[in-house]
Amino acid sequence: MKTTALALSALLAVTATSLVATAVHAEEPVTVFAAASLKESAEQAAAVWKAAGGGEVTFSFAGSSALAKQIEEGAPADIFISADLKWMEHLDKAGRVRGDTRVNLLGNRIVLVAPKDSAVTATIAQDFPLSDLLGDERLAMANVDAVPAGTYGKAALQNLNVWDSVQDKVAQAENVRAALLLVSRGEAPLGIVYETDAKVDPGVKIIDRFPEASHPAIIYPAALTTDGKNPRAAKFLAYLQGADAHAIFTAAGFTVLAKNN
28 MKTTALALSA
38 LLAVTATSLV
48 ATAVHAEEPV
58 TVFAAASLKE
68 SAEQAAAVWK
78 AAGGGEVTFS
88 FAGSSALAKQ
98 IEEGAPADIF
108 ISADLKWMEH
118 LDKAGRVRGD
128 TRVNLLGNRI
138 VLVAPKDSAV
148 TATIAQDFPL
158 SDLLGDERLA
168 MANVDAVPAG
178 TYGKAALQNL
188 NVWDSVQDKV
198 AQAENVRAAL
208 LLVSRGEAPL
218 GIVYETDAKV
228 DPGVKIIDRF
238 PEASHPAIIY
248 PAALTTDGKN
258 PRAAKFLAYL
268 QGADAHAIFT
278 AAGFTVLAKN
288 N
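28 is the number of the first residue of the sequence shown in my numbering; add one for each residue after it.
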């Protein structure tokens with residue numbers, strides 16, 4: 028009897044410890060590493076999720092390349108949302124995201140912007156005179172070799188036969204929001220950013236959109252990471268594909284790609 032009682036006591040202790048650990052873990056926030064251009068809309072979606080009882084979500088916003096490298100090095104993320112397929116594919120091949128959870132979440136456009144009081148006008152087309160518009164000043168762009176907004180912009184300028192005339196005038200920033208800030212502050216007369224970025228900064232105005240055919244399709248893929256342990260991460264990723272989040276992203280100017288009915 029004594030042995031049975033001790034065994035039962037030990038079992039209850041282990042069960043209680045397990046339940047406490049599970050409860051504590053369940054209360055931890057879902058950690059999302061997301062492209063900088065998603066900041067306002069993702070935070071708004073998370074606020075709606077929390078208000079509906081979904082729990083806390085914390086974000087790390089930066090250039091997709093920087094976030095991917097952090098995840099590859101073991102940074103504690105539950106979900107990764109990239110601004111292009113390249114960096115998601117990089118992590119998938121490295122075994123750092125769960126390929127079975129990958130979804131193409133959103134689409135976007137890139138635009139040419141200027142400070143809000145600028146008198147510059149332009150129509151983006153083949154051989155348009157971007158270098159003349161810049162004069163001796165700089166074109167703000169995210170890093171053209173690593174950050175998606177920069178690589179999309181460079182591809183567009185190359186396809187429009189404009190890159191060679193402006194490549195020495197580019198002021199490269201660590202992410203698209205940093206490039207946007209250069210224009211908003213008047214430190215650069217023109218910049219290339221996502222259309223959704225331009226819409227959230229009253230200090231800039233859109234000069235024109237780049238033709239969609241001038242660059243690869245802008246796609247934001249999302250996936251759970253392989254190291255993520257939060258049991259609510261999958262639910263939040265599903266929520267981002269649902270009607271409430273769709274309304275938020277659409278209002279921000281994104282194109283909804285993922286359908287979760």
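Using N, Cα and C, we set each Cβ at its ideal position, and we do this for glycine too.
### Query
Would Lys286 be called buried (16 or more neighbouring beta carbons within 10 Å of its own) or exposed?
Numbered from its first residue, the sequence shown carries residue 286 at position 259. With fewer than 16 Cβ atoms within 10 Å of its Cβ, Lys286 is classed as exposed.
### Query
Which word fits Asp224, buried or exposed, when buried means at least 16 other C-beta atoms lie within 10 angstroms of its C-beta?
Your numbering for residue 224 matches position 197 in the sequence shown. Asp224 comes out buried.
### Task
Tell me, please, which residues DSSP counts as bridged to Asn298.
Examination of residue 298 is not possible in this model, given that the chain is present from 28 through 288 alone.
### The alpha helix (DSSP H) enclosing Ser158, as first and last residue numbers
One-based indexing of the sequence shown puts residue 158 at position 131. Taken as a continuous stretch (DSSP letters only), the alpha helix (DSSP H) holding Ser158 covers 157-161.
#### Entry: Inter-stretch contact (C-beta, 8 Å, three-pair minimum) for the segment 257-274 and the segment 152-160
no
### Task
Count the CB pairs spanning the segment 127-144 and the segment 214-230 that are closer than 8 Å, and state whether there are at least three.
yes
### Query
What is the DSSP secondary structure of Phe276, counted as helix, strand or coil?
Numbered from its first residue, the sequence shown carries residue 276 at position 249. In this structure, Phe276 counts as helix in the three-state DSSP scheme.
### Query
Smallest Cα separation from Ile108: which of Ala173, Leu157, Ala61?
By one-based count along the sequence shown, residue 108 stands at place 81. Among Ala173, Leu157, Ala61, the Cα nearest to that of Ile108 belongs to Ala61.
### Query
Roughly how far, in whole angstroms, is the beta-carbon of Pro243 from the beta-carbon of Arg129, given that I think they are within contact range, below 8 Å?
Mapped onto the sequence shown, residue 243 falls at position 216. Mapped onto the sequence shown, residue 129 falls at position 102. That pair is no contact at about 18 Å.
### Spatial distance of Ala173 from Trp114 (CA atoms)
By one-based count along the sequence shown, residue 173 stands at place 146. By one-based count along the sequence shown, residue 114 stands at place 87. Cα to Cα, Ala173 sits roughly 9 Å from Trp114.
### Val84 to Glu99 span [Cα, whole Å]
The residue given as residue 84 occupies position 57 in the sequence shown. The residue given as residue 99 occupies position 72 in the sequence shown. Spanning the two alpha carbons is a distance of roughly 21 Å.
### Message
My assumption, with CB atoms under 8 Å, is that Gly90 sits in contact with Asn202. Please give the rounded CB distance.
### Response
Counted from its first residue, the sequence shown places residue 90 at position 63. Counted from its first residue, the sequence shown places residue 202 at position 175. That belief holds up - the Cβ atoms of Gly90 and Asn202 are roughly 4 Å apart, short of 8 Å.
### Task
Identify every residue that forms a DSSP beta bridge with Phe86.
Taking the first residue of the sequence shown as position 1, residue 86 is located at position 59. According to DSSP, Phe86 bridges with Val59.
### Message
Going residue by residue through the segment 205-264, where are the continuous beta strand (DSSP E) segments of at least 3 residues, counting only ones entirely within it?
### Response
Within the segment 205-264, the complete beta strand (DSSP E) runs of at least 3 residues are 217-221, 231-236, 246-251.
### Query
Hey, how far is the Cα of Asp163 from the Cα of Lys196?
Start at 1 with the first residue of the sequence shown, and residue 163 comes out as number 136. Start at 1 with the first residue of the sequence shown, and residue 196 comes out as number 169. Each residue's alpha carbon lies about 8 Å from the other.
#### Entry: Paired residues, beta bridge with Thr282 - DSSP
Here residue 282 corresponds to residue number 255 of the sequence shown, with the count starting at 1. Gly134.
#### Entry: Same chain, Cβ closer than 7 Å to Ala260, five either side skipped, listed in chain order
Sequence index remark: in the sequence shown, residue 260 carries index 233 (1-based). Excluding sequence neighbours, Ala260 sits near Val57, Asp105, Ile106, Leu251.
### Query
So with Cβ pairs under 9 Å, would you call Asp254 a contact of chain B?
As a matter of chain content, chain B is missing from the structure shown, which is built from one protein chain.
#### Entry: Cα-Cα separation between Gly276 and Asp111, rounded to whole angstroms
Locating residue 276 in the sequence shown gives position 249, where the first residue counts as 1. Locating residue 111 in the sequence shown gives position 84, where the first residue counts as 1. For the sequence presented, residue 276 should be read as Phe rather than Gly. The straight-line gap from Cα to Cα measures roughly 17 Å.
### Query
Which of the three DSSP states, helix, strand or coil, is assigned to Leu166?
What you label residue 166 is simply residue 139 of the sequence shown in a count that begins at 1. The answer is strand: DSSP assigns Leu166 an E or B state.
### Message
For a quick check, are the C-beta atoms of Arg204 and Ser64 less than 9 Å apart?
### Response
Counted from its first residue, the sequence shown places residue 204 at position 177. Counted from its first residue, the sequence shown places residue 64 at position 37. Contact flag set, yes.
### Task
Determine the contact status of Val59 and Ala79, defining contact as a CB-CB distance below 9 Å.
As a first step, residue 59 is located in the sequence shown; it is residue number 32 there, counting from the start. As a first step, residue 79 is located in the sequence shown; it is residue number 52 there, counting from the start. No. Outside cutoff.
### Task
Tell me, please, which residues DSSP counts as bridged to Pro142.
What you label residue 142 is simply residue 115 of the sequence shown in a count that begins at 1. In the DSSP output, where bridge partners are listed per residue, Pro142 has Val231.
### Run of the beta strand (DSSP E) containing Ala200, from where it starts to where it stops
Locating residue 200 in the sequence shown gives position 173, where the first residue counts as 1. Where Ala200 is concerned, the enclosing beta strand (DSSP E) stretches over 197-200.
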